[in-house]
Amino acid sequence: MTKAVNVSEDLSKTLDQIVKGARSSFKKTETGLGLQIISGDNISKPSKDSDFVFWKNSPWELCTSIIGVPFGKVVQISGRPDSGKSTHAMQFMRLAQDQGHLVVLWDAEQKFSTKRFDNHFKGSSKDLLVVTSKMISEGADLVEALVHSARAKLPDKKILIVWDSVGGSLPKSEKGKSKRDSRQMAEAAKENGSVVRGFVMLMEEYRNKVNNEESIGVLLINQTYSNIGAPGQIESGGQKVAYHSSLIVQLTRTTDLFKTRDKVKRKVGIRAKMRVKKNHLFDGEDTLAQMLLDITAGGIAVSASDPAFKLVSETLQSSEEFESDNSGDDSWE
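Residue numbers for the sequence shown follow our numbering, beginning at 232 and rising by one.
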């Protein structure tokens with residue numbers, strides 16, 4: 232047994248020497264590149280606050296076990312219309328600004344509300360860098376141009392790219408083509424995959440060459456459609472978009488929320504089911520499968536009707552009581 236331990240220790244020392252030797256072959260200006268050579272026991276995932284646009288003690292953290300949107304990764308929030316996707320995007324955009332980062336918004340659907348962002352989320356719309364193109368490839372080129380320009384002027388700033396939305400952007404093949412052309416979806420998927428791949432290349436290009444720190448994060452807002460012949464929903468945009476996404480969170484609106492004021496019933500928000508479909512950032516044993524959220528102008532909170540509500544700490548925002556129309560599905564799979 233002692234002999235086996237000694238052999239293992241000797242091998243570990245040799246492996247450390249191999250790693251150090253490989254790293255030493257890189258110039259001082261490429262130290263960060265050398266730091267990408269590691270031994271298996273040093274493999275790590277984003278964990279520090281500085282690795283994220285973080286949203287601590289939040290419904291997001293409770294459901295995903297991840298404190299926010301990490302730099303160096305692609306995160307996707309998907310769902311049907313009016314399910315809270317853009318509300319989550321605004322939340323992370325405001326958090327990014329609060330934490331001193333730049334935000335590049337690709338508003339492909341051209342529905343971003345500066346009034347809502349400024350008044351309800353307390354963000355600063357004038358400090359956003361915005362691309363308004365509806366075209367997939369064209370918009371991606373404009374985003375890339377903004378990132379290059381921003382990094383040239385502010386090389387130490389981290390950047391959050393928000394694409395709202397993948398499913399709402401148009402492929403160049405759609406110009407002048409018959410609406411019955413079945414190849415359009417395939418061509419859109421091809422362009423979407425190329426765009427996300429390009430974003431990953433931007434991450435690599437602007438990774439800190441000295442300390443290997445990531446500086447660009449990507450948040451994709453996407454639509455879903457029914458998975459014919461099988462349960463659940465599928466994200467639009469093609470398989471490559473899902474492949475590059477380290478975390479996919481699906482939102483489904485279950486019901487509307489109401490308040491009665493002056494004897495008049497008013498809609499004040501929605502209740503949505505949050506479900507983690509893919510999570511390659513979490514390496515624990517288990518995490519919540521899904522959660523009910525109340526989404527209003529005042530923000531995003533764990534619904535009081537959710538069984539997970541009892542897990543909410545005093546520091547985690549929880550919902551007040553709302554009326555609902557009970558027309559949705561609050562059931563648990």
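C-beta atoms are modelled at their ideal positions from N, C-alpha and C, and glycine is treated no differently.
Of the listed residues the options, nearest to residue i (C-alpha basis)
| i | options | result |
| --- | --- | --- |
| residue 466 | 311, 450, 298 and 281 | 311 |
| residue 301 | 309, 282, 294 and 287 | 282 |
| residue 517 | 463, 375 and 293 | 293 |
| residue 319 | 450, 522, 539 and 356 | 450 |
| residue 287 | 351, 370 and 532 | 532 |
| residue 392 | 463, 401 and 370 | 370 |
| residue 526 | 511, 502, 520 and 538 | 502 |
| residue 514 | 250, 259, 278 and 387 | 278 |
| residue 508 | 265, 522 and 345 | 522 |
| residue 471 | 431, 378 and 497 | 431 |
| residue 537 | 290, 436 and 448 | 290 |
| residue 435 | 500, 304, 239 and 461 | 304 |
| residue 259 | 374, 439, 338 and 403 | 439 |
| residue 446 | 429, 512, 403 and 378 | 378 |
| residue 510 | 299, 261 and 239 | 299 |
| residue 429 | 317, 448 and 321 | 448 |
| residue 388 | 360, 331 and 280 | 331 |
| residue 401 | 386, 418 and 541 | 418 |
| residue 433 | 534, 325 and 372 | 372 |
| residue 452 | 321, 309 and 460 | 309 |
Reduced DSSP category for residue i - H, G, I as helix; E, B as strand; rest coil
| i | result |
| --- | --- |
| residue 249 | helix |
| residue 489 | strand |
| residue 341 | coil |
| residue 513 | coil |
| residue 239 | helix |
| residue 564 | Legend: pLDDT at residue 564 = 43, less than 50; position of this residue unreliable, value from coordinates given subsequently. Three-state DSSP puts residue 564 in coil, outside helix and strand. |
| residue 519 | coil |
| residue 391 | strand |
| residue 311 | coil |
| residue 541 | helix |
| residue 347 | helix |
| residue 534 | coil |
| residue 437 | coil |
| residue 259 | helix |
| residue 367 | helix |
Rounded distance between the beta-carbons of residue j and residue i, thought under 8 Å
| i | j | result |
| --- | --- | --- |
| residue 284 | residue 323 | 5 Å |
| residue 295 | residue 478 | 7 Å |
| residue 543 | residue 505 | Contact doesn't hold; Cβ gap of about 14 Å is too wide. |
| residue 390 | residue 376 | Rounded, the Cβ-Cβ distance is 13 Å, inconsistent with contact. |
| residue 267 | residue 476 | With a Cβ gap of about 22 Å, residue 267 and residue 476 do not count as contacting. |
| residue 464 | residue 456 | 7 Å |
| residue 469 | residue 520 | Contact flag wrong, Cβ pair sits at about 26 Å. |
| residue 297 | residue 524 | The Cβ separation is near 16 Å, so there is no contact. |
Residue i versus residue j - alpha carbon distance
| i | j | result |
| --- | --- | --- |
| residue 327 | residue 341 | 21 Å |
| residue 394 | residue 313 | 17 Å |
| residue 336 | residue 263 | 29 Å |
| residue 333 | residue 353 | 16 Å |
| residue 368 | residue 554 | 44 Å |
| residue 458 | residue 397 | 18 Å |
| residue 348 | residue 454 | 21 Å |
| residue 358 | residue 485 | 34 Å |
| residue 416 | residue 365 | 16 Å |
| residue 350 | residue 500 | 16 Å |
| residue 338 | residue 344 | 10 Å |
| residue 444 | residue 494 | 56 Å |
| residue 255 | residue 437 | 22 Å |
| residue 280 | residue 325 | 16 Å |
| residue 386 | residue 460 | 49 Å |
| residue 384 | residue 360 | 13 Å |
Indicate whether the contact test is met: 3 or more Cβ pairs, each with one atom in the segment 483-496 and one in the segment 272-280, closer than 8 Å. No: the two stretches stay apart, fewer than three of their Cβ pairs being nearer than 8 Å.
Report yes or no: do three or more beta-carbon pairs, one from the segment 245-260 and one from the segment 414-430, lie closer than 8 Å? no
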